[in-house]
Amino acid sequence: MFDALGLIFAAAGVALFVAGTAGLLRFPDLYTRLHALTKADTLGLGLVCVGAALHWGDPLIALKLGLIWLLVMASSTVLAHLIARAARRDGVRPWEAE
Amino acid sequence: MTLSLLYASAGVLLFCLGLFALAVRPHLLHKILALNVAGAGAFLVYLGLAYRGGGAAADPAPQAMVLTGIVVAVSTTALALALALRLGRATGRMELPDGSADR
Amino acid sequence: MTASALDFVLAGGLVALGAVLLFSHDLFRSLVLFVVYGLLMAVVWVRLGAPDLALAEAAVGAGVTGALMLAAWHRLPAAGRRAEGVVSGPWALLSGVALAGVAAALIGVLAGLDAQREGGLQQQVLARLPESGVESPVTAVLLNFRGYDTFLELGVLLLAALLVRLGGGADFGLGAKSSSVLRGLADWLAPLLVLTAGYLLWRGGHAPGGAFQAGALLAGAGILLALVYPPGADGRPAGGPRAFARWTQGLRLRGLLSAGFLVFLGVALALLVGGNLLQYPAGWAGALILLIEAAAALSIGAALLVLFMGVAGGREAGAP
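Residue numbers (the working numbering), protein chains in the order written: chain A, 8 to 105; chain B, 189 to 291; chain C, 2 to 321.
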């Protein structure tokens with residue numbers, strides 16, 4: 008039961024990662040690519056962590072997975088901010104539809 | 189093909205690729221990258237052969253050796269980078285003097 | 002055990018990534034791909050049943066080495082950032098053909114070795130594990146059975162840190178345009194990293210983890226703080242944790258750098274009186290190993306920080 012639920016969560020997370028990767032490859036400029044990437048990092052990893060926690064069924068492991076999720080979320084958020092800020096200062100213009 | 193052989197073969201390929209890049213890429217940062225890639229290839233050969241099947245931990249002796257190797261690799265990389273930067277500052281070029289003759 | 006599709010993707014991906022990063026015409030791309038290469042390598046170590054290596058590779062192989070490479074990139078003279086060049090000609094072709102032959106021959110030898118492989122050293126290590134003072138076989142090999150390897154490795158690390166300091170001078174000044182958001186992250190991430198380093202150090206006795214991984218985390222905390230709190234006019238970081246400003250310069254930094262090597266040397270000399278090199282007396286092994294590991298973790302952290310600073314510091318040198 009928990010295993011099946013865990014699998015569903017992990018699969019949803021992987022789907023988000025795939026979508027984020029597709030965005031990274033296909034979006035037109037740095038800012039939209041960052042947008043695609045951070046969605047996969049935060050929600051995708053969160054879903055994978057929930058899936059893994061359900062799979063192991065151990066509160067201690069779930070705690071560690073939660074900590075990993077929080078740390079990755081914090082660092083990926085700050086990194087996205089830093090990259091976007093550096094790009095804006097370097098004069099990278101946002102993409103505009105023709 | 190066994191899992192050990194697959195990863196060990198990948199390690200051999202990376203080692204030879206690294207050596208080749210060391211020879212043909214003139215930029216010093218490329219040479220340092222090449223040494224790192226070749227070193228990681230050697231680690232992969234070692235650990236590939238240390239694999240002990242389905243979920244079991246690998247042979248601890250090679251693991252310890254490679255762990256030592258990773259730290260030594262980062263030390264030599266840092267020293268090489270510092271020296272390369274000094275050379276670049278002194279000559280204005282990030283290439284060894286001999287590299288220019290072949291180009 | 003035969004390889005699965007996942008293994009072919011991992012091994013093939015690793016080789017392809019290595020080839021692309023070594024022969025790309027864009028140097029910055031090569032450096033970024035090198036970090037990816039390190040992370041993929043960490044996944045391979047997990048696959049091969051070596052979580053200790055995965056931790057060390059992700060933190061040191063990808064993390065610290067990647068930071069070193071990017072720091073070096075920032076200090077390259079503008080002309081040095083282009084790297085289109087590839088040496089061509091008969092010698093390059095010849096060495097390529099020769100190396101391909103060497104690769105084929107080595108793989109052939111490996112196939113032979115793989116077919117007639119025996120137990121390796123695992124049985125011997127596991128048989129003597131109860132005497133080693135720790136429960137983790139990797140830590141037992143590192144700090145007990147082959148302690149002299151680790152001892153000399155700390156020597157190498159110390160030597161490299163000293164040479165880098167001699168060469169460029171580790172002035173802890175990056176002059177990075179610091180961001181308040183990054184500072185906010187560093188303020189709570191650095192203490193957490195130190196805490197996690199302590200946890201990994203303690204855990205190393207019975208599970209994957211140990212001095213190297215702990216030291217890498219300490220270095221990560223140090224590098225983060227050094228990036229966020231560049232020094233003021235007096236050479237000390239303006240703001241930031243006082244302990245960081247105090248322990249990253251002068252005598253205290255030198256003490257941290259050499260602590261691992263000196264403690265290990267002291268233990269080795271003390272034991273030499275009683276007989277053999279680094280043969281711990283019965284019952285004392287666990288305590289001595291923890292003592293050495295704690296000192297080694299501090300030294301590894303300090304040395305990696307000094308190495309990073311030596312490569313990254315001194316912005317004025319030809320930076321744009």
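By construction, the Cβ of each residue, glycine as well, lies at the ideal position given by its N, Cα and C atoms.
{"Query": "Kindly identify the DSSP beta-bridge partner or partners of His215 of chain B.", "Result": "B:Glu283"}
{"Query": "From what residue to what residue does the alpha helix (DSSP H) around Gln280 of chain C run?", "Result": "Premise fails: Gln280 of chain C is in no alpha helix (DSSP H) and is neither H nor E."}
{"Query": "Taking the alpha-carbon of Val170 of chain B as reference, which of C:Ser137, C:Gly287, C:Arg129, C:Leu114 has the nearest alpha-carbon?", "Result": "What is shown of chain B runs 189 to 291, which leaves residue 170 of chain B out entirely."}
{"Query": "Where in the stretch 189-270 of chain B do unbroken runs of the alpha helix (DSSP H), each at least 4 residues long, occur, reported from the N-terminal end onward?", "Result": "191-212, 216-238"}
{"Query": "Would Ala72 of chain C and Ala313 of chain C be called neighbours here (beta carbons separated by less than 7 Å)?", "Result": "yes"}
{"Query": "For Val47 of chain C, return the contacting residues in chain A, with the cut-off set at a CB-CB distance below 7 Å.", "Result": "Per Cβ cutoff of 7 Å: no residues; Val47 of chain C is ~14 Å from chain A at best."}
{"Query": "Would Leu167 of chain C count as contacting chain D if we go by Cβ distances under 7 Å?", "Result": "Absence of chain D from the displayed structure is noted, the protein chains being A, B and C."}
{"Query": "If you draw a straight line from the C-alpha of Ala4 of chain C to the C-alpha of Leu49 of chain C, how long is it?", "Result": "11 Å"}
{"Query": "Got a sec: which bits of the stretch 256-273 of chain B sit with their beta carbon under 8 Å from any beta carbon on chain C, in order along the chain?", "Result": "Thr256, Ile258, Val259, Val260, Ala261, Val262, Ser263, Thr264, Thr265, Ala266, Leu267, Leu269, Ala270, Leu271, Ala272, Leu273"}
{"Query": "Can you tell me whether Tyr230 of chain C is buried or exposed, with buried defined as 16 or more other CB within 10 angstroms of its CB?", "Result": "buried"}
{"Query": "By DSSP, does Thr3 of chain C sit in helix, in strand, or in coil?", "Result": "strand"}
{"Query": "Where does His207 of chain C sit, in a helix, a strand or coil, going by DSSP?", "Result": "coil"}
{"Query": "Tell me which same chain residues have a C-beta within less than 7 Å of the C-beta of Gly58 of chain A, skipping the five on either side of it?", "Result": "Gly13, Leu14, Phe16, Ala17, Gly20"}
{"Query": "Under 7 Å between the Cβ atoms of Pro248 of chain B and Val126 of chain C?", "Result": "yes"}
{"Query": "Using CA coordinates, which residue listed in C:Ser259, C:Ala187, C:Gly19, C:Asp53 is at the minimum distance from Val142 of chain C?", "Result": "C:Asp53"}
{"Query": "Looking at the structure shown, is Gly148 of chain C part of a helix, part of a strand, or coil, going by DSSP?", "Result": "helix"}
{"Query": "Taking the continuous alpha helix (DSSP H) assigned at Leu306 of chain C, which residues delimit it?", "Result": "286-313"}
{"Query": "Measuring only the C-alpha atoms, how far is Leu37 of chain A from Ala91 of chain A?", "Result": "8 Å"}
{"Query": "Would you kindly work out how many angstroms separate the C-alpha atoms of Ile301 of chain C and Leu271 of chain B, rounded to a whole number?", "Result": "21 Å"}
{"Query": "Please report whether the beta-carbon of Leu183 of chain C lies at a distance below 7 Å from any beta-carbon of chain A.", "Result": "yes"}
{"Query": "For Ser5 of chain C, go through chain A and note every residue whose CB falls closer than 9 Å to its CB, in chain order.", "Result": "Under the 9 Å cutoff, chain A gives no residues; its nearest Cβ is about 18 Å from Ser5 of chain C."}
{"Query": "In the stretch 71-90 of chain A, which residues sit with their C-beta less than 8 Å from some C-beta in chain C, listed in chain order?", "Result": "Leu78, Ala81, Ser82, Val85, His88, Leu89"}
{"Query": "Mapping DSSP to helix, strand and coil, what is Ser89 of chain C?", "Result": "coil"}
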